[in-house]
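A short write-up of the structure that comes next.
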């Protein structure tokens with residue numbers, strides 16, 4: 508019953524608790540006369556804030572009328588107020604900004620607030636967040652929550668997204684060409700796609716401390732590698748993470764420890780015979796052993812630094828392993844190996 512916004516009852520609390528099979532836009536009230544309709548606000552701290560705001564509670568009484576809520580187009584600014592429930596915020600259909608960070612929220616419903624341009628709900632315990640109806644959203648701060656999924660495909664004007672310290676396992680920003688700040692650090696990401704056609708607009712990019720994130724899909728690998736350094740050493744950039752086996756890790760043992768080498772690209776689908784390719788120790792101080800996994804008739808090796816400069820080339824016949832001496836400065840290097848079956852690249856860190 509989409510037109511049913513109010514149901515007259517004896518007791519609002521009883522009806523709200525026991526009669527849950529109503530539409531989200533429907534509320535219970537002891538008086539459904541539209542001129543005196545009162546917004547149901549169960550959290551005492553949230554209600555105290557709203558009632559105490561002269562710009563919201565324009566008639567100065569002890570309640571918030573629906574007419575007052577719908578007329579308000581400003582900012583609800585209620586951080587750090589021990590609020591556990593924001594029920595009632597749905598009545599503020601013209602709300603522009605909601606700042607409710609550092610509270611005790613476990614849920615937040617902003618689907619009835621289509622005019623939001625900024626939402627700051629960080630440092631709560633929110634388990635899910637639906638912002639698909641907030642199509643004008645430009646700034647979203649939802650870090651330090653329990654959010655496990657986030658769909659921002661409808662938020663095409665989004666400029667700043669802070670979603671770090673969450674349970675997010677994947678994040679797709681293909682439909683967010685206005686993005687200039689992204690902080691998704693310290694989460695559970697294994698998939699991140701920022702290939703939105705305007706990566707040069709992203710001035711701040713933070714994706715560190717996502718141990719399962721081995722490939723980040725971008726517009727231009729060279730640009731991202733040069734400008735976005737705040738990622739894990741195990742993560743790399745690619746224009747197509749689905750096509751490249753970028754997430755593969757091989758474990759190699761030496762006399763001191765067990766280390767991992769990271770396969771970051773596969774230029775040819777026919778290179779399946781190279782899947783045992785590895786390099787160790789990694790990180791290394793200078794000397795690097797490359798194990799091809801089997802003997803190849805001819806091996807060409809090229810080592811580049813982060814700027815793309817070639818610092819070493821080597822050609823070998825009939826070999827399964829070789830040693831390389833990295834003489835450049837400390838940092839990240841890319842070792843490209845070409846054999847008769849294809850080409851692959853390893854990411855190596857020099858300490």
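Residue numbers (my numbering): 508 to 858.
Cβ coordinates follow ideal geometry from the N, Cα and C atoms, glycine included.
Endpoints, alpha helix (DSSP H) assigned at residue i
i	result
residue 500	One cannot answer for residue 500 here, as it falls past the ends of the chain, which runs 508 to 858.
residue 608	From DSSP, residue 608 is part of no alpha helix (DSSP H); its letter is neither H nor E.
residue 730	728-734
residue 547	Run containing residue 547: none; DSSP gives neither H nor E here.
residue 573	573-578
Residues near residue i in its chain [Cβ-Cβ closer than 7 Å; skip 5 each side]
i	result
residue 554	548
residue 712	689, 735 and 737
residue 471	This structure leaves residue 471 out entirely; the chain is present only between 508 and 858.
residue 683	659, 662, 663, 665 and 703
Per DSSP, the bridge partner or partners of residue i
i	result
residue 625	604 and 646
residue 840	812 and 855
residue 534	513
residue 703	Bridge partners of residue 703: none, in fact.
residue 724	700 and 745
residue 737	713
residue 568	Looking at the DSSP assignment, residue 568 forms no beta bridge with any residue, so it has no partner.
residue 845	807 and 850
residue 519	DSSP lists no partner for residue 519.
residue 791	857
residue 798	785 and 828
residue 592	Answer is none; residue 592 lacks a bridge partner.
Sequence-distant residues of its chain with Cβ nearer than 8 Å to residue i (five each side left out)
i	result
residue 530	508, 509 and 511
residue 654	633, 634, 635, 636, 670, 673, 674 and 675
residue 907	Any answer about residue 907 is impossible in this case: the structure gives the chain only from 508 up to 858.
residue 470	Nothing about residue 470 can be reported from this structure: the residues present for the chain run from 508 to 858 only.
residue 739	714, 715, 716, 717, 718 and 720
Beta-carbon gap between residue i and residue j smaller than 8 Å
i	j	result
residue 546	residue 571	yes
residue 662	residue 631	no
residue 805	residue 784	no
residue 463	residue 724	The chain is shown from 508 up to 858; residue 463 falls before or after that span and cannot be answered.
residue 680	residue 703	yes
residue 562	residue 601	no
residue 803	residue 829	no
residue 463	residue 708	Outside the shown range of the chain, which is 508 to 858, sits residue 463, and nothing can be said about it.
Own chain partners of residue i with C-beta closer than 6 Å, once the 5 adjacent residues on each side are dropped
i	result
residue 523	535
residue 651	629, 630 and 672
residue 626	605 and 647
residue 811	817 and 841
The beta strand (DSSP E) enclosing residue i, as first and last residue numbers
i	result
residue 832	817-832
residue 672	Note, residue 672: premise wrong, no beta strand (DSSP E); not H, not E.
residue 582	582-584
Residue-chain proximity (residue i, chain D), Cβ-Cβ < 8 Å
i	result
residue 594	The structure shown has no chain D; it contains just one protein chain.
Open item on the list: Whether or not the stretch 815-824 and the stretch 846-854 are in contact is what I'm after, with contact meaning three or more pairs of Cβ atoms, one per stretch, closer than 8 Å; do they touch?
Closed with: Contact between the stretch 846-854 and the stretch 815-824 is not established, with fewer than three Cβ pairs separated by less than 8 Å.
Task: the stretch 822-841 contacting the stretch 792-799, beta-carbon criterion three pairs below 8 Å - done: Segments in contact, yes.
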